[in-house]
Each structure stands twice: as structure tokens, then as C-alpha cells.
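Enquirer: In this note's numbering, the protein residues as written are 1053 to 1946.
Cβ atoms here follow ideal geometry from the backbone N, Cα and C, with glycine treated the same way.
So, in C-alpha cells, the structure goes:
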């Protein structure tokens, strides 16, 4: 529309500066038609709609368009996702920066003083705030709390608008507050003496293996003595696991939502249980499974029932890792909580980042909070965040801050505020002496504040709580904790002078220097674990098994987040990210990788001083490396990585040509046609397999329970759940009927990088089993058992040809996939030894014939396609690799 600019000048009655007009014009944010319907009086006011908005509308807090205006009262979107960061030169971003700069609401020096990382980066502070800072909840000036403003005047579920921009445009003119009023709580909710308190407990669970651990059962058993318990796990649980909780819960579910504990509590309150049900109780307790229960909770509830408060937790914390150096966090002695509430709470508002919280792992809310619409809205608004720190800031700290700002009285079981993060430091044991009922697993598994002596944690706990089930805790700890971090945690000690001794890694420059000065040994062979799923499997495991009992070779297994249990002669198992790992890596002349040197080794290992042998992780169907369509913009970097490799292995002459093109600039003679060691495990006699593979095979046979296994192995796609085929209910029913009729079970093995678990969730049922890599590390075991294979484009079908068994390709988006993502080395129709189906009816027709005997012509076609990829059909692939490696340093007899 055409605007008479003379109407908008500083002399007009509008309190809104001319910069707001310029912003609205520049961004087209003002929706005239919407505003006329929102404020019909503007049509008869004699003012232009935009003039009316700037002189009247903003004073009423009305936004310039329907979307922004509706943010304050919008129903939260629980499935909302974080918005992408705008480009540096985004026109909208530039307009926002200019408006905020003109508003005078951004204090550059304050921002730099409170964000030393920004100061060190050299980035313009206002640009940083408008692009990143508000999303990180960093304050733009002392009196503006980003998250507090956001949750009170915008939609906490969406990153729809920079809160300071909204304040510049609307809030300051409407008189919106920018920070809480001083803390002056009401008296607090009191339970009548002797009253039986009715509690409801929402319990948030997560287990990487999809099981309900013994310590969780014990925890919920105790909670059920005091509350009606409802359980929701964030993830896919194994069949029958939730039944363990049936005696202790009124409801139990599992659903992958990716929003951590708050996501489970949100879903339970919003969908599974409902606010109407929750409102019937005196107290709502939110609990998660991040802690081990040490004993009964009677003393906790008895103490807190007598307190006058609207909500309570076990203990309070002041400070985060990033705010540890703040002046307000420098106290050295515990502070009584009464003093904190009376004198310090308001001072915490002055911090550059609000960091006071009541621990959310066990927190209780009484009726005044349960009834509060803001509390409900904020819990319903929980959604996945791009980093865990934002979960802590928005939700763990955010709920504390919100409830304090609304003057709800709070209390804690522990009567003092201990310095810094007491549940993650040695103060944790002091809390337990005071009756604290839990022990945090993260304290042991991460120990990021370097508490010494935790290797003795069991003895320390038993000295305080003799009946604590430390064995159950230990079983869980070693199963789920990051193995390398746990070993680091336990290796932190205290010397005779009382100084803490922490393992220190060489940095990149130090490692390079050490690499130049350290001797290497030809007979030291290093086997790093997988960089993606941290397992020791596939080609590197098979090669290790070939030399496991060869005393002339020192085998060094370099672990990552998962423990590796192997034995043999002259074998060392150490974490890669440890001084011991660096020590052995520096001295190993032969190093075997499966991806790239940088990804697998972490440290800058010199290819001139070490032989980096790339075993890769399969026979590629999809283009990889230099040949990949989606890598054409980074060929220089890819080529530099490949040039570090001494050799790469292949399975046939045809495969050698594909690998040579993928690993350019490696020459063809550096592609060793040895066969893939892992395929030895497919064709080898069962009694010659490693013991753990035999155990997996027995476990798989028990799961199949006499049924034929149809192994479904879809390929990874960058779009994950949005890119996968969405089976309709009638299609799922048809597939289940076929499985039932054929006494078959569908084993779903999704890619290790696929976290959506879309196919298993869609197809789950009595004829479906989970064969993910968390349950079955070695896919070769699955090939041995499978009666047939189903895939889309996964190169697993090539390995499966060694079994000679039937397979079907469900290539529902073949044209798009073959040309839009990486591209393919081979035409599926030419190399796949079975039907290639492009729609579901074709797929079901193919399944109908999958167990029928092949004709002689089909047998010949199968054998011809197998010969394309395999020059070696025996179980000697690992032996051939060993021979080639030894030839690098042992002269061959004439």
C-alpha cells in the first residue's frame, strides 16, 4: 500500500519511533486487512490503518499481524521444532538488527562483559544476539530477561520472534514487563495435620537398550507406596519390558519424542493422563530415572508434608558450567535456604544468565501450582531443543524461575544451598549424610568437575547407606554409561599433597610433535572402534579374530563409548581418548580404520609414520567418497583424507574399480582385492565363530521361536522419517497377514545412524522383532539366520548373496534416490538378484513368491550377479588381509 510518510513523524501523537514504521514497511509485517478485522474501529477513525496501529494498536499490545499477535495466547505446539539459524546476510535479520540498534535496548558492553565467548570471537555483539544470543537466552541488557519475557508474552513452544524485537516493536509501548517483580511469596500451601496426601507421580524414563532396568523397578515400587504412578519412556522399548512395571503403575507407555524428561512429563500431563485427572490430587510429583534410589522415601515425604509451600524439590543449585566463574557463584560454604529466599533470590535476577534452580529430577507441585494456567501452558509447550543446554535453561531453570516470578512459595528437603553443583561434586556424599535419598548416575559417568576417588564409590555409598543396592546400580552403570568417560572418571585421583590428578590428553600440536619423536613398531596393530556406534564389529573385528592368538602381533583395541570384551595373546584394550590410548596409537605402525582417518582416529596421526589401512564397512552400492553426488563441493578435503590411506580393501575386480573411483587419489594398485574379513563370519562353520557371535545367534534363534526370519534392512536416508516409506494401516495389516500365513517374523534392522526408528514403530507387532545394533552388534549373525532379505537400496543385499537365499527390493522411490542423494554405482535392476518393486502391490506379489524354489535360469542369474561382487567365496578374507599387511614389513621368501 502507499503510505503518506508525512503522517509519520516524531511530532505525531504516536509513542512509537519512526524506526518501527521503517521496519514494518521493510519487512511487510503489517497486515492491513487483518488489522482492520482485528480492530474495526480503525476503519472509522479517520486514520490510515498503519497510522492507527502505531498510535493505538501497539498501546494495547496488538501485534502487526495475526501470527505475531496470536503468540501470547496460542495453544502450544508440543511437536514444534527449533527454527533454523538465519544466514548472515538475511534481509530480515538485518532489519531486526537495525531496529534494535535504533531502539537503544541493546547494551553492547554489558553483553560482551557477560559473554566472554562472544568477546573472544570478535563477532559484532548485536549481530550475535540477533542471530544466536536470544535463542541461547542471553540477556541484551540488565533489565531484560529473554526467557521470562518469552514465556509471558510469546509462545514458549516456538522460536517465532526475537523477544527483544517484539519488545522494541510492541512490548515497550504496551507497558510489558521485562523481568519479574521482587520475590514476595504467599504463605504457601499447608496440608491439614494428619491428612492423607493424595499424590500422582509422572515418571520419565529412558533406556538406550529399550529395557526397564532393575533399579527402575525398585524406584517405582517405592514411589507407588506414596503415589499413583504413570510411566512414559522416551524411546522404543523391547517387548514385555513395560510389563515389569504393571504392579507399580496405573499406566505405562513408550514413545520416542526426543524432548528428554520434560517431554515425557509434558506428554503425560497433556495426553496420556490429562490435567483433569491430575487436578484430583493434592500433589503432583515429577520424577526421572537419572538417579539410583538409596532407600525408602518415607522420611522425605514426612518432612515435606509438614512444610508450608506451593512446590518443593530435594535440593537447590546455583550455577552452571558456563557460569561457574560468576561472582554470585563463588560462595564456599552452604547457605541456609531461608537466607537464600529472604535475601538472595532477587539478587540472582542481576546475573547475566539466570542459573538458580530446584533440581527437576524429583520435584513436587501442590494445588496452587497445578491450577496455574501459566504452569500448565509452559509444561505443554515443551518440545525438542537443538542442544541439551537449552533443555536445562528453558525447562529445568525455566520452571524454577517462572514459579518464583509468580510468587509461589517453594522449599527444599536439603535445608542449605551447597556451593555450585552439589550433586555432581563431592558434596553429593554430604547430601546423603543429611538423608538425601538418591545417587546421581551422571556424577559417576561424567564427573565433569573432576571429583577424585570415585573408583571407590560403592564403598563410599555403603559406608553411608549400608542397605543400598550398589550391585544393581553397578550393572546399570556399566551397561549404559559412556565407557571411555567412565574409565576417565574412575582414574581421577588425589596425590599425597592433596592435589587432584586428572588424566590429560595431548592436544593436536603436542600429538604431532610426539608422533615425530616416538618410535613405531611394525608388529603393533591398532583397531579403533566404530566412530558412529562405538562397537567393535565388522571387518576390524574379523581381522582381529584372525590374529587374536598370534603372539608376534600386539593387538591394540581402542574403545570409544562402549566397552569391548575380547581376549587373546598380547592384546591390549584401552579407550582411544585416554593417555593410554594415545600412547599405544603413537607406537602402532599398522592402524585399521573403517571410515576416514580423521573420524576414526580423532588425533592427527601422520600417514608417513603409520600405515592406515582402510577396511571400509561394506561393498558399496551407493556412491561414496569422491564418487558421491552429494560430495562434489568438498572433493579437495575428501581427497586429502583418502591420500592418508596406505591401502583400501575390496571384494572383487568390479568392486576394486568402484573403490578406486571412490578413494581417489589412491591408485588402483593400492586397492587390495582380498575380500571383506567380516564376510568370513557369514560362511564359516558355527563352531568356529567367536563366542559372543555364537551367543547372539542363539539369542536370535530364541526370538524367532521356530519362525522363518525375514530380515528387513532399509538404507539410511538423510531426511530420515520424512524420507522413509509410510506404510498405511491396510498395508501393515496385509504384511502381518503374510507373515502369519508363512510362519515368519519380520526382523527390522535400521541403519545405525537412523534415530527416528520409523519402520520399527510403523510395523511393530506380534510378528516383528527389533534387530537394531544395540541388541545385535554383528549383522553377519542376522544374515546367517535369515531365510530371506528385504531392503530398498542397502548394500547389505550384496553380502547376503553369500547365503544364496532369496531377497526382495522395495525401491518405492528409486528414481529420486538414485539421482538425488549420493547416486548409485550400479543399476539395481542389473545387479539385484531378486525382484525390484516400485510400489506396495508389487512388493506383496514378490513376497508371495519369495520362498518358492528358483528356476535353473534364476539360479544362474543369481550366481552371475554374485560373481560380480565376490572373487572369494571362502572364509579366508581376513587371512588375505593379514598376509598383505605383513608383507609391508616382512620380506617374502623367494
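Determine the direct distance from the alpha carbon of residue 1164 to that of residue 1580, and round the result to whole angstroms.
Expert: In the chain shown, residue 1580 corresponds to position 528, counting from 1. In the chain shown, residue 1164 corresponds to position 112, counting from 1. When rounded, the distance between both Cα atoms is 42 Å.
Enquirer: Between residue 1936 and residue 1601, what straight-line distance do the alpha-carbon atoms span, to the nearest angstrom?
Expert: To locate residue 1936, count along the chain shown from 1; it is residue 884. To locate residue 1601, count along the chain shown from 1; it is residue 549. If you take the alpha carbons of residue 1936 and residue 1601, they lie about 18 Å apart.
Enquirer: Once you ignore the five residues that flank residue 1320 on each side, which residues in its own chain have a CB closer than 7 Å to its CB?
Expert: Stepping through the chain shown from its first residue, residue 1320 is reached at position 268. Hits under 7 Å: 1254, 1282 and 1284.
Enquirer: Taking only the alpha-carbon atoms, compute the straight-line gap between residue 1421 and residue 1363 and give it to the nearest angstrom.
Expert: Along the chain shown, one-based indexing puts residue 1421 at 369. Along the chain shown, one-based indexing puts residue 1363 at 311. Computed Cα separation, rounded: 7 Å.
Enquirer: Leaving aside the five residues before and after residue 1289 along the sequence, list all residues of the same chain whose C-beta is less than 8 Å from its C-beta, in chain order.
Expert: Indexing the chain shown from 1 puts residue 1289 at position 237. Taken in chain order, the residues that qualify are 1259, 1262, 1263, 1264 and 1306.
Enquirer: By alpha-carbon positions, which one of 1636, 1291, 1928 and 1934 ends up nearest to residue 1657?
Expert: Taking the first residue of the chain shown as 1, we reach residue 1657 at position 605. Comparing Cα positions, the closest option is 1636.
Enquirer: Excluding the 5 residues preceding and the 5 following residue 1310 in the sequence, name in chain order all residues of the same chain whose CB lies nearer than 6 Å to its CB.
Expert: Translated into positions along the chain shown, residue 1310 becomes position 258. Excluding residues within five positions, the ones whose Cβ falls inside 6 Å are 1436.
Enquirer: Quick check: the region 1389-1402 against the region 1435-1451, are there 3 or more CB pairs under 8 Å?
Expert: Not touching, per the Cβ criterion.
Enquirer: Bridge partners for residue 1306 per DSSP, in chain order?
Expert: In the chain shown, counting from the first residue as 1, residue 1306 sits at position 254. Bridge partners of residue 1306: 1285.
Enquirer: Leaving out the 5 sequence neighbours to the left and right, which residues in its chain are closer than 7 Å to residue 1273 when beta-carbon positions are compared?
Expert: Position 221 of the chain shown, counted from the start, is the residue given in the question as residue 1273. Around residue 1273: 1300.
Enquirer: Span of the alpha helix (DSSP H) holding residue 1913?
Expert: In the chain shown, the residue the question calls residue 1913 occupies position 861. Segment 1908-1921, the alpha helix (DSSP H) holding residue 1913.
Enquirer: Quick one: complete alpha helix (DSSP H) runs, 4+ long, within the region 1430-1492?
Expert: Segments of the alpha helix (DSSP H) lying fully in the region 1430-1492: 1440-1443, 1450-1457 and 1479-1485.
Enquirer: Ignoring anything shorter than 3 residues, give me the beta strand (DSSP E) runs that lie fully in the region 1224-1269, in order along the chain.
Expert: If we require 3 residues or more, the beta strand (DSSP E) runs fully inside the region 1224-1269 come out as 1251-1257.
Enquirer: As a quick exercise: from 1729, 1271, 1462 and 1543, pick the residue whose alpha carbon is nearest that of residue 1590.
Expert: If you number the chain shown from 1, residue 1590 lands on position 538. Ranking 1729, 1271, 1462 and 1543 by Cα distance to residue 1590 puts 1729 first.
Enquirer: From the DSSP output, read off the bridge partner residues of residue 1280.
Expert: Translated into the one-based positions of the chain shown, residue 1280 becomes position 228. Residue 1280 is bridged to 1252.
Enquirer: Relative to the C-alpha of residue 1759, which candidate in 1735, 1795 and 1784 has its C-alpha closest?
Expert: Locating residue 1759 in the chain shown gives position 707, where the first residue counts as 1. Of 1735, 1795 and 1784, the residue nearest in Cα terms is 1795.
Enquirer: What's the call for residue 1573, buried or exposed, on a 16-neighbour Cβ count within 10 Å?
Expert: The sequence position of residue 1573 within the chain shown is 521, counting from 1. Answer is exposed; the Cβ neighbour count stays below 16.
Enquirer: Going by DSSP in three states, residue 1641 sits in which element: helix, strand or coil?
Expert: Counting from 1 along the chain shown, the entry for residue 1641 is found at position 589. DSSP places residue 1641 in strand when its eight states are reduced to three.
Enquirer: Run through the DSSP bridge pairs and tell me what residue 1545 is partnered with.
Expert: Here residue 1545 refers to the residue found at position 493 of the chain shown. For residue 1545, which the question treats as bridged, DSSP gives the partners 1553.
Enquirer: Roughly how many whole angstroms lie between the Cα atoms of residue 1900 and residue 1652?
Expert: Residue numbering aside, residue 1900 sits at position 848 when the chain shown is read from its first letter. Residue numbering aside, residue 1652 sits at position 600 when the chain shown is read from its first letter. Taking the straight line joining both Cα atoms gives about 43 Å.
Enquirer: Count the C-beta pairs between the region 1861-1881 and the region 1842-1852 that are closer than 8 Å, then say yes if the count reaches three, no if not.
Expert: The answer is yes - the region 1842-1852 touches the region 1861-1881, with three or more Cβ pairs under 8 Å.
Enquirer: Is the number of C-beta pairs between the region 1537-1544 and the region 1626-1642 that are closer than 8 Å three or more?
Expert: A contact exists between the region 1537-1544 and the region 1626-1642.
Enquirer: Looking only at its own chain, which residues have a Cβ that is under 7 Å from the Cβ of residue 1638, when we skip the five neighbours before and after it?
Expert: Locating residue 1638 in the chain shown gives position 586, where the first residue counts as 1. The answer, listed in chain order, is 1566, 1567 and 1570.
Enquirer: Given that a residue counts as buried once 16 or more other Cβ atoms are within 10 Å of its Cβ, and exposed if not, what is residue 1942?
Expert: The residue labelled residue 1942 in the question sits at position 890 within the chain shown. Label assigned to residue 1942: exposed.
Enquirer: Do residue 1779 and residue 1815 have their beta-carbon atoms positioned less than 8 Å apart in this structure?
Expert: On the chain shown, residue 1815 is found 763 positions in, with the first residue counted as 1. On the chain shown, residue 1779 is found 727 positions in, with the first residue counted as 1. Yes.
Enquirer: Would DSSP call residue 1563 helix, strand or coil?
Expert: In the chain shown, counting from the first residue as 1, residue 1563 sits at position 511. Helix, per DSSP.
Enquirer: Given a threshold of 16 other Cβ atoms within 10 Å of its Cβ, counted over all protein chains shown, does residue 1204 qualify as buried or as exposed?
Expert: Taking the chain shown and counting its residues from 1, the one referred to as residue 1204 is at position 152. Buried, by the Cβ-count rule.
Enquirer: Return helix, strand or coil for residue 1886, following the three-state DSSP convention.
Expert: By 1-based counting over the chain shown, the position of residue 1886 is 834. In this structure, residue 1886 counts as coil in the three-state DSSP scheme.
Enquirer: Please state if the CB of residue 1242 and the CB of residue 1360 are separated by a distance shorter than 8 Å.
Expert: Start at 1 with the first residue of the chain shown, and residue 1360 comes out as number 308. Start at 1 with the first residue of the chain shown, and residue 1242 comes out as number 190. A contact, by the Cβ cut-off of 8 Å.
Enquirer: CB-CB under 6 Å to residue 1312, same chain, minus the five flanking residues each way: which ones, in chain order?
Expert: Position 260 of the chain shown, counted from the first residue, corresponds to residue 1312. Within the same chain, residue 1312 has close Cβ partners 1443.
Enquirer: With distance defined between alpha-carbon atoms, name the residue in 1189, 1207 and 1226 nearest to residue 1114.
Expert: One-based indexing of the chain shown puts residue 1114 at position 62. The shortest Cα separation from residue 1114 among 1189, 1207 and 1226 belongs to 1226.
Enquirer: Answer yes if the region 1908-1922 comes into contact with the region 1698-1712, meaning at least three C-beta pairs across the two stretches below 8 Å, and no otherwise.
Expert: Short answer: they touch.
Enquirer: Residue 1076 by DSSP, collapsed to three states: which one?
Expert: Numbered from 1 along the chain shown, position 24 holds the residue referred to as residue 1076. Helix.
Enquirer: Whole-angstrom Cβ separation of residue 1618 and residue 1624, contact assumed at under 8 Å?
Expert: Your numbering for residue 1618 matches position 566 in the chain shown. Your numbering for residue 1624 matches position 572 in the chain shown. Going by Cβ atoms, the distance from residue 1618 to residue 1624 rounds to 10 Å, so no, they are not a contact pair.
Enquirer: Can you name the start and end residues of the beta strand (DSSP E) that residue 1337 belongs to?
Expert: Your numbering for residue 1337 matches position 285 in the chain shown. 1335-1340 is the extent of the beta strand (DSSP E) around residue 1337.
Enquirer: Comparing alpha-carbon positions, which option in 1379, 1354 and 1201 lies nearest residue 1975?
Expert: Not covered by the structure: residue 1975. The range shown for the chain is 1053 to 1946.
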